[in-house]
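Numbering of the sequence shown is given in our numbering, commencing with residue 49 and proceeding in unit increments.
Just so it is clear, CB atoms sit at the ideal spot from N, CA and C, and this is done for glycine as well.
All values reported here derive from a predicted model rather than from experimental measurement.
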Amino acid sequence: MMENRYATHPTDTKSYDTERLRKQFLMEGLFVPGQLNMVYSHVDRLITGGVIPLKEPVKLEADKHDIGADYFLERREIGIVNIGAKGSVIVDGTGYELDNKDGLYVGLGNREVWFKSADALNPARFYLSSAPAHQHYPTEKVAIGRAEPAYLGSLAQSNERTIYKYFHPNGVQSCQLVMGMTLLKPGSMWNTMPSHTHSRRSETYLYFDMPEDGVVFHMMGEPSETRHLVVRNEQAVISPSWSIHSGVGTCHYTFIWAMAGENQEFADMDMIAMQDLR
């Protein structure tokens, strides 16, 4: 199933109530056993999805009306991260086993992609992010132990965290998709604060590894006109280029970030001074 989300102007967003904000920017219900669910964002044409295969493998596909292509990766690339138990992704007949937090890049032109769990009673949970592509790069697995780490923040500021980069210019090559994972240390609750925007690309966040009663207050909006979304486990957020994207949780959590747009430079950010936030 593919849901469409259209682009919004920041001036319009100022007038949104909670329900409208959630309908426009929050992605709920991505992970349903036995299904592939996706959201097509008209902001930089990112597709975000989730799939939990059970006894039968699940194929990556979309209606031609949604993407205008004969097969999903005809004009796209995709990044996949397993946030569940062991599973595998089969790309044109070649299988790639993914343990928890392992990633897989699949490039333009691959015709068939299937998702499979090693144990239907303890299934894999594959998170997907796809962007338009104009060049083929080879399929490549990135185990969590191989991903490039960066250690940021401090316990004193409640933001001690490790950022793992999966697909980026100095790692596994992609056409425009940049993707990674941030793990907060126990006792740390804040991410991406001080905040920033990056007007040359959009981003999505998937929050997970949270207890049933845990939430993240995801901060969004223009720096001078901030809003928030209450986000629960395995829910994702669309962050347009004009919006900040910070968060604070009721407990520590993990999130996957994916970006696409004008460039792939990780440090291409417009930093917002704390005194300028409103």
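1) Within 10 Å of its beta-carbon, does K71 have 16 or more other beta-carbons around it, so buried, or fewer, so exposed?
2) Got a sec, what are the start and stop residues for the alpha helix (DSSP H) Q72 sits in?
3) Just tell me which of I126, Q183, R159 and S243 has its CA closest to the CA of F174.
4) What are the boundary residues of the alpha helix (DSSP H) that includes H266?
5) Could you tell me which of F79, G77, L78 and T56 sits nearest to R68, measuring between CA atoms?
6) Output the boundary residues of the alpha helix (DSSP H) element that contains T59.
7) Taking the beta carbon of N170 as the centre, do at least 16 other beta carbons fall within 10 Å, making it buried, or is it exposed?
8) Nearest to L225 by alpha carbon, out of I192, A181 and I211?
9) Can you give the beta carbon distance from R124 to I286, rounded, assuming they're within the 8 Å contact cut?
10) When the distance is taken between beta carbons, is G295 closer than 7 Å to V263?
11) Following the continuous alpha helix (DSSP H) through N115, name the residue where it begins and the one where it ends.
12) Work out the CA separation of I100 and D167 for me, nearest whole Å.
13) Below 8 Å on the Cβ atoms is my contact criterion, and I expect T245 with A306 to pass it. Report the Cβ-Cβ distance as a whole number of Å.
14) Hey, is the stretch 59-66 in contact with the stretch 91-98, meaning 3+ C-beta pairs nearer than 8 Å?
15) Have a look at P259 and N281 and give me their C-alpha separation to the nearest angstrom.
16) State the start and end residues of the unbroken beta strand (DSSP E) segment that holds T142.
17) Helix, strand or coil for L325? Go by DSSP, reduced to three states.
18) Grab me the residues of T302's own chain with a C-beta within less than 6 Å of its C-beta, minus the 5 sequence neighbours each way, in chain order.
19) Does F163 get closer than 7 Å to chain B when you measure Cβ to Cβ?
20) What does P197 pair with, by DSSP beta-bridge criteria?
21) In terms of residue numbering, what span does the beta strand (DSSP E) encompassing Y301 cover?
22) Which stretch, first to last residue, makes up the beta strand (DSSP E) that contains W290?
23) Do A172 and N239 have their CB atoms nearer than 7 Å?
24) Could you check which residue in S177, F120 and M267 has the C-alpha nearest to that of V87?
25) Compare the Cα-Cα distances from S89 to each of D324, I320, S250 and S272 and report the closest residue.
26) Alpha carbon to alpha carbon, how far is S247 from I211?
27) Hey, could you find the ends of the beta strand (DSSP E) M86 is sitting in?
So, from the listed chains and residues:
1) Position 23 of the sequence shown, counted from the start, is the residue given in the question as residue 71. So K71 counts as exposed.
2) Working through the sequence shown from its first residue, we reach residue 72 at position 24. In the DSSP assignment, Q72 falls within the alpha helix (DSSP H) that extends over T66 to F73.
3) Here residue 174 refers to the residue found at position 126 of the sequence shown. Closest by alpha carbon: I126.
4) Taking the sequence shown and counting its residues from 1, the one referred to as residue 266 is at position 218. Not the alpha helix (DSSP H): H266 falls in the beta strand (DSSP E), residues V264 to E270.
5) Indexing the sequence shown from 1 puts residue 68 at position 20. Minimum Cα distance to R68 is reached at T56.
6) For the purposes of this step, residue 59 is identified with residue 11 of the sequence shown, where counting begins at 1. Its alpha helix (DSSP H) spans residues P58 to T61.
7) One-based indexing of the sequence shown puts residue 170 at position 122. Answer is exposed; the Cβ neighbour count stays below 16.
8) Taking the sequence shown and counting its residues from 1, the one referred to as residue 225 is at position 177. Nearest of I192, A181 and I211 to L225, Cα basis: A181.
9) One-based indexing of the sequence shown puts residue 124 at position 76. One-based indexing of the sequence shown puts residue 286 at position 238. Not really, about 18 Å apart at Cβ, beyond 8 Å.
10) Numbered from 1 along the sequence shown, position 215 holds the residue referred to as residue 263. Numbered from 1 along the sequence shown, position 247 holds the residue referred to as residue 295. No; because the gap between Cβ atoms is not below 7 Å, this pair is not in contact.
11) Position 67 of the sequence shown, counting from 1, holds the residue named residue 115. The sequence given here places Ile at residue 115; Asn does not occur at that position. That run of the alpha helix (DSSP H) goes K112 to I115.
12) Translated into the one-based positions of the sequence shown, residue 167 becomes position 119. Translated into the one-based positions of the sequence shown, residue 100 becomes position 52. In a straight line, the C-alpha of D167 is about 11 Å away from that of I100.
13) Working through the sequence shown from its first residue, we reach residue 245 at position 197. Working through the sequence shown from its first residue, we reach residue 306 at position 258. With 8 Å as the limit, T245 and A306 do not qualify as a contact, their Cβ atoms being about 16 Å apart.
14) They do not touch, by the three-pair rule.
15) As a working note, residue 259 is residue 211 in the sequence shown. As a working note, residue 281 is residue 233 in the sequence shown. Distance between the alpha carbons of P259 and N281: 7 Å.
16) In the sequence shown, counting from the first residue as 1, residue 142 sits at position 94. Counted as a single uninterrupted DSSP element, the beta strand (DSSP E) harbouring T142 occupies residues T142 to L146.
17) Within the sequence shown, the letter at position 277 stands for residue 325. Looking at L325 - three-state DSSP - the assignment turns out to be coil, as it is neither helix nor strand.
18) The residue given as residue 302 occupies position 254 in the sequence shown. For T302, where only same-chain residues beyond five positions count, the Cβ hits under 6 Å are L231, F256 and D257.
19) The structure shown contains no chain B; it holds only a single protein chain.
20) For the purposes of this step, residue 197 is taken as the residue at position 149 of the sequence shown. Note: P197 sits in a beta bridge opposite Y212.
21) To locate residue 301, count along the sequence shown from 1; it is residue 253. It is not in any beta strand (DSSP E) - Y301 carries neither H nor E in the DSSP assignment.
22) To locate residue 290, count along the sequence shown from 1; it is residue 242. It is not in any beta strand (DSSP E) - W290 carries neither H nor E in the DSSP assignment.
23) Counted from its first residue, the sequence shown places residue 172 at position 124. Counted from its first residue, the sequence shown places residue 239 at position 191. Their beta carbons are not under 7 Å apart, which means A172 does not touch N239 by this criterion.
24) Position 39 of the sequence shown, counted from the start, is the residue given in the question as residue 87. Looking at the Cα atoms, S177 is the closest of the given residues.
25) Here residue 89 corresponds to residue number 41 of the sequence shown, with the count starting at 1. Residue S250 is the option with its Cα nearest to S89.
26) Start at 1 with the first residue of the sequence shown, and residue 247 comes out as number 199. Start at 1 with the first residue of the sequence shown, and residue 211 comes out as number 163. C-alpha separation (whole angstroms): 22 Å.
27) On the sequence shown, residue 86 is found 38 positions in, with the first residue counted as 1. From DSSP, the beta strand (DSSP E) with M86 extends over L84 to S89.
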